[in-house]
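Have a look at the structure below before the remarks.
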Amino acid sequence: RRRRASLWSDQLGTDTYRVGDDVWITRDDDELMFELAKVVSVPQASRNDAHPEVRVMPRSTSSTSAARERMVPVSQLYRADGGSIVVETVNDISQLPLVNEPIVNDVIRRRYLTDSIYTAARPMLIAVNPFRDLHNTTADIATYYRNMVPYERRIDEAAPHIFRIAAQALTAHYIGAGLVEEATDDDDDDLIMSMTKEHSTSSSSLSVMMQVEVE
């Protein structure tokens, strides 16, 4: 299991973080789940304090309920983005200015709630089963990604999708085999590609078949 990022640094003191800062903490009823909280007090740190703690208030709790405030070890805090990430524009979570476990989970969750089931974490594609047909594997969408081959830059800039993975693989194959050179313009008259799909809401059962004819 990878090591989680901590807010604490070698420079201990109140300037490490401030009252009102947004942080992610593990839920007190489920250590595998995260929730947003605000720092409500920052005790004076000491070099002799091996396990410094701060007082936080989970956002799910009323601000008048001091009984729900928690003392949390700094090593278990994760910086939050304050909800400023526009998840619809996040094509690759590895390119976020701040990346940690709860932020990644939150971005994927918020994208899922807007029916954006694909999220890139290059070189991987994260797909969450929507358990319903989102009509996101139509012939028009297949054609949209098909027409990007073999232009790597256009593929890289496209929204995450299972068809984008197919377009990347096909482009890499033809460039690697020397059948086409890396394209830098819009002249793709010598490449004809057809794509068919198996209708399914599960990414694991979605098959993409490409037939390519090079004149």
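Note that the sequence shown covers residues 37 to 251 in my numbering.
Cβ coordinates follow ideal geometry from the N, Cα and C atoms, glycine included.
Under 8 Å between the Cβ atoms of residue i and residue j?
i      : j      : result
ALA73  : ARG95  : yes
VAL123 : ARG158 : no
MET93  : VAL78  : no
ARG115 : VAL59  : yes
VAL143 : ILE121 : yes
LEU161 : ILE201 : yes
Nearest by alpha-carbon distance to residue i: which of the options is it?
i      : options                           : result
ASP252 : PRO79, VAL76, PRO109 and PHE167   : This structure cannot speak to residue 252, because the chain is shown only from 37 to 251.
ALA208 : GLU193, PRO196, TYR187 and PRO133 : TYR187
GLU89  : LEU68, ASP151 and LEU113          : LEU113
ASP169 : MET160, ASP151 and ARG182         : ASP151
GLU137 : HIS87, TYR154, LEU68 and LEU215   : LEU68
PHE167 : LEU161, TYR210 and ILE153         : ILE153
ILE61  : THR52, GLN80 and SER111           : SER111
Report the CB separation of residue i from residue j in whole angstroms; it is logged as a contact under 8 Å.
i      : j      : result
PHE199 : ALA178 : 6 Å
ALA156 : ASP128 : 4 Å
ALA203 : ARG182 : 7 Å
Here's the rule I'm using: 16 or more other beta-carbon atoms within 10 Å means buried, otherwise exposed. How should residue i be labelled?
i      : result
MET184 : buried
PRO133 : exposed
HIS197 : buried
GLY56  : exposed
ASP226 : Here the model assigns ASP226 a pLDDT of 31, short of 50, so the residue's position is not dependable and the matter cannot be decided.
So the beta strand (DSSP E) residue i belongs to, where does it begin and stop?
i      : result
PRO109 : 106-109
THR52  : Note, THR52: premise wrong, no beta strand (DSSP E); not H, not E.
Please report the residue range of the alpha helix (DSSP H) in which residue i lies.
i     : result
PHE70 : Premise fails: PHE70 lies in the beta strand (DSSP E), 66-77, not in any alpha helix (DSSP H).
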